[in-house]
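Chemist: Take a look at the following structure, please.
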Amino acid sequence: MHNRPLIGITMGDPASIGPEIVAKSLANPELYALCRPLVIGDARVMARAFATTGVNLAVRMVASPAEGRYEHGTIDLIDLHNVDVDTLAWGRVQAQAGRAAFDYIVRSIELAKAGAIDAVTTAPINKEALKAAGIDFIGHTEIYGDLTGTEDPLTLFETKGLRIFFLTRHVSLAQACRMITRARTLDYLRRCSRALEQLGVSKPRLAVAALNPHAGEHGLFGDEEVRELEPAIADARAEGIDASGPHPADSVFWHAARGRFDAVLSLYHDQGHIAAKMYDFERTVSITAGLPFLRTSVDHGTAFDIAGTGQASAVSMEEAIRVAARYAASFRRSR
Numbered sequence: 006m007h008n009r010p011l012i013g014i015t016m017g018d019p020a021s022i023g024p025e026i027v028a029k030s031l032a033n034p035e036l037y038a039l040c041r042p043l044v045i046g047d048a049r050v051m052a053r054a055f056a057t058t059g060v061n062l063a064v065r066m067v068a069s070p071a072e073g074r075y076e077h078g079t080i081d082l083i084d085l086h087n088v089d090v091d092t093l094a095w096g097r098v099q100a101q102a103g104r105a106a107f108d109y110i111v112r113s114i115e116l117a118k119a120g121a122i123d124a125v126t127t128a129p130i131n132k133e134a135l136k137a138a139g140i141d142f143i144g145h146t147e148i149y150g151d152l153t154g155t156e157d158p159l160t161l162f163e164t165k166g167l168r169i170f171f172l173t174r175h176v177s178l179a180q181a182c183r184m185i186t187r188a189r190t191l192d193y194l195r196r197c198s199r200a201l202e203q204l205g206v207s208k209p210r211l212a213v214a215a216l217n218p219h220a221g222e223h224g225l226f227g228d229e230e231v232r233e234l235e236p237a238i239a240d241a242r243a244e245g246i247d248a249s250g251p252h253p254a255d256s257v258f259w260h261a262a263r264g265r266f267d268a269v270l271s272l273y274h275d276q277g278h279i280a281a282k283m284y285d286f287e288r289t290v291s292i293t294a295g296l297p298f299l300r301t302s303v304d305h306g307t308a309f310d311i312a313g314t315g316q317a318s319a320v321s322m323e324e325a326i327r328v329a330a331r332y333a334a335s336f337r338r339s340r
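So my numbering is basically just the index in the sequence shown, starting at one, shifted up by 5.
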């Protein structure tokens, strides 16, 4: 069964639901049929997560991925031993938790760049905890981009076959509108097409969502479509990219979900987030494209309000691992 991809799973913020949803996910034997999961975290935190969730698994501590056995019933874990569990409080912003979460990410990058793991799946981290630890990043995507030397990584959401890219992410809506330019849109269409090919999508069909109601009605409700988006799409098509639009945002995601397009390029954060999460909140998975390796993640936060209660759903975590396993081979062949 060594043809199963080896997925490195970071524990996330140890004071969050991260360790709990990792524990719950790896209690599911179906995941072991798809991949070889390797947790990167802290063994004492994992033991605490077992206690709150009622998961009954053994932990095998390994120094390297090659030492793992990857059999259901036992979690193979690289223990960074970087948390004082006696002082770690569930559900609170803490510097030691932010530092530990960052350390797990760094180790996952080292292993992935060395080819020791086939892909990475991440549990949630907390921006305030990172800041408390003196770590100057606002999130996973920025950390993975900076530490791998990847400029402006792409974010791709996937849920039940619906795929959504984002032209802009964590900026104000006003700033996002200013960033919708012909040059940026063309650059993203090129990179989005390439990212889909890396995931095994042959001749990808890309739709561009419109910004204004009814795609602007030829300039009646705003001219961004006519001035920036339509020329960019024409440029992309001239290069052989199967791009179309701009399509009204109130219908393009529905068409994509029904198979008309392989992915939609959303123009701003909430435009794509709302579509994906209304379609299936728990099964929405975030993929970071453009890195030297494949990375997937849950698309929810640290849920400090329920951390330590065992209530957190592991559906998104399980789905993120499944997506990593499904795409790992295609991504590896494309490198």
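Ideal Cβ placement from N, Cα and C applies to all residues, glycine included.
In this structure, how does DSSP classify Gly78 when only helix, strand and coil are distinguished?
Modeler: Locating residue 78 in the sequence shown gives position 73, where the first residue counts as 1. Here Gly78 sits in coil by DSSP.
Chemist: If you reduce the DSSP assignment to three classes, tell me which class His274 lands in.
Modeler: Counting from 1 along the sequence shown, the entry for residue 274 is found at position 269. If DSSP states are grouped into helix, strand and coil, His274 belongs with the helices.
Chemist: I'd like the list of long-range same chain contacts for Thr301, defined as Cβ closer than 6 Å, with 5 residues on each side in sequence excluded.
Modeler: As a working mapping, residue 301 is identified with position 296 in the sequence shown. Cβ neighbours of Thr301 beyond the five flanking positions: Thr126, Val290, Ile292, Ala325, Val328, Ala329.
Chemist: Look at the Cβ atom of Cys40, then the Cβ atom of Pro70, and state whether they are nearer than 7 Å.
Modeler: Here residue 40 refers to the residue found at position 35 when the sequence shown is read from its first residue. Here residue 70 refers to the residue found at position 65 when the sequence shown is read from its first residue. Cβ distance not < 7 Å, so Cys40 and Pro70 don't count as in contact.
Chemist: Between which residues of its own chain and Leu62 is the CB-CB distance below 8 Å, once the five residues before and five after are set aside?
Modeler: Locating residue 62 in the sequence shown gives position 57, where the first residue counts as 1. Excluding positions up to five away in sequence, the list reads Ala28, Leu31, Ala32, Phe55, Gly78, Thr79, Ile80.
Chemist: Under a three-way DSSP split, which group does Val50 fall into?
Modeler: Here residue 50 refers to the residue found at position 45 when the sequence shown is read from its first residue. Reduced to three states, the DSSP call for Val50 is helix.
Chemist: Look up Glu156 in the DSSP assignment and say whether it is helix, strand or coil.
Modeler: Looking up residue 156 in the sequence shown gives position 151. Note: Glu156 maps to coil in three-state DSSP.
Chemist: Less than 8 Å between C-beta atoms, sequence neighbours within five positions excluded: which residues of the same chain meet that for Tyr193?
Modeler: Walking along the sequence shown from the start, residue 193 turns up at place 188. Excluding sequence neighbours, Tyr193 sits near Leu159, Phe170, Leu172, Leu270.
Chemist: Can you tell which of Ser335, Gly166, Glu323 has the C-alpha that lies nearest to the C-alpha of Gly205?
Modeler: If you number the sequence shown from 1, residue 205 lands on position 200. The residue with the shortest Cα to Cα distance from Gly205 is Ser335.
Chemist: Check whether the stretch 305–322 and the stretch 175–182 are in contact - that is, three or more C-beta pairs closer than 8 Å.
Modeler: Verdict: no, contact absent.
Chemist: With a cut-off of 8 Å on the beta carbons, I'd call Asp47 and Ala105 a contact; round off their distance for me.
Modeler: Within the sequence shown, residue 47 is the residue found at index 42, counting from 1. Within the sequence shown, residue 105 is the residue found at index 100, counting from 1. The pair is a contact, with the Cβ atoms about 7 Å apart (cut-off 8 Å).
Chemist: Would a C-beta distance cut-off of 7 Å place Gly342 and Ile238 closer than the cut-off?
Modeler: No statement about residue 342 is possible, as the shown extent of the chain runs from 6 to 340 and does not include it.
Chemist: In chain order, what residues of the same chain lie with their CB nearer than 6 Å to the CB of Gly23, ignoring the 5 residues before and after it?
Modeler: Indexing the sequence shown from 1 puts residue 23 at position 18. Excluding sequence neighbours, Gly23 sits near Met16, Gly17, Ala128, Pro129.
Chemist: When the Cα atoms are used, what is the spatial distance from Gln203 to Arg338?
Modeler: What you label residue 203 is simply residue 198 of the sequence shown in a count that begins at 1. What you label residue 338 is simply residue 333 of the sequence shown in a count that begins at 1. Looking at the two C-alpha atoms, the distance is approximately 8 Å.
Chemist: Assuming contact is defined by CB atoms lying nearer than 7 Å, are Lys132 and Ile114 in contact in what I supplied?
Modeler: To locate residue 132, count along the sequence shown from 1; it is residue 127. To locate residue 114, count along the sequence shown from 1; it is residue 109. Not in contact: Lys132 and Ile114 (Cβ atoms no closer than 7 Å).
Chemist: Quick check on the DSSP output: what are the complete beta strand (DSSP E) runs of length 3 or more inside the stretch 198–235, in order along the chain?
Modeler: Counting whole runs of 3 or more residues, the stretch 198–235 contains the beta strand (DSSP E) stretches 210–214.
Chemist: Below 7 Å CB to CB, which residues in the same chain sit around Val90 once its five sequence neighbours on both sides are set aside?
Modeler: One-based indexing of the sequence shown puts residue 90 at position 85. Hits under 7 Å: Arg49, Val50, Arg53.
Chemist: In whole angstroms, what separates the C-alpha of Met6 from that of Tyr37?
Modeler: Locating residue 6 in the sequence shown gives position 1, where the first residue counts as 1. Locating residue 37 in the sequence shown gives position 32, where the first residue counts as 1. At Met6 the pLDDT is 46, less than 50, meaning the model places this residue with poor confidence; the figure from the coordinates comes in the next sentence. About 10 Å.
Chemist: Cβ of Thr155 within 7 Å of Cβ of Leu296?
Modeler: Counting from 1 along the sequence shown, the entry for residue 155 is found at position 150. Counting from 1 along the sequence shown, the entry for residue 296 is found at position 291. Result yes, Cβ atoms of Thr155 and Leu296 sit closer than 7 Å.
Chemist: Mark Asp141 as exposed unless 16 or more other C-beta atoms lie within 10 angstroms of its C-beta, in which case mark it buried.
Modeler: For the purposes of this step, residue 141 is taken as residue 136 along the sequence shown, with counting starting at 1. When all chains shown are included, Asp141 counts as exposed.
Chemist: Given this structure, state the Cα-to-Cα distance separating Tyr109 from Gly13, to the nearest angstrom.
Modeler: By 1-based counting over the sequence shown, the position of residue 109 is 104. By 1-based counting over the sequence shown, the position of residue 13 is 8. Each residue's Cα considered, the two are about 10 Å apart.
Chemist: Residue range of the beta strand (DSSP E) that Ile110 falls in?
Modeler: Within the sequence shown, residue 110 is the residue found at index 105, counting from 1. No beta strand (DSSP E) contains Ile110, which is instead part of the alpha helix (DSSP H) from 100–118.
Chemist: Roughly how many whole angstroms lie between the Cα atoms of Arg331 and Asp123?
Modeler: In the sequence shown, residue 331 corresponds to position 326, counting from 1. In the sequence shown, residue 123 corresponds to position 118, counting from 1. Rounded to whole angstroms, Arg331 to Asp123 spans 11 Å at the Cα level.
Chemist: What three-state label does DSSP hand Pro129 in the structure shown?
Modeler: Taking the first residue of the sequence shown as 1, we reach residue 129 at position 124. Looking at Pro129 - three-state DSSP - the assignment turns out to be coil, as it is neither helix nor strand.
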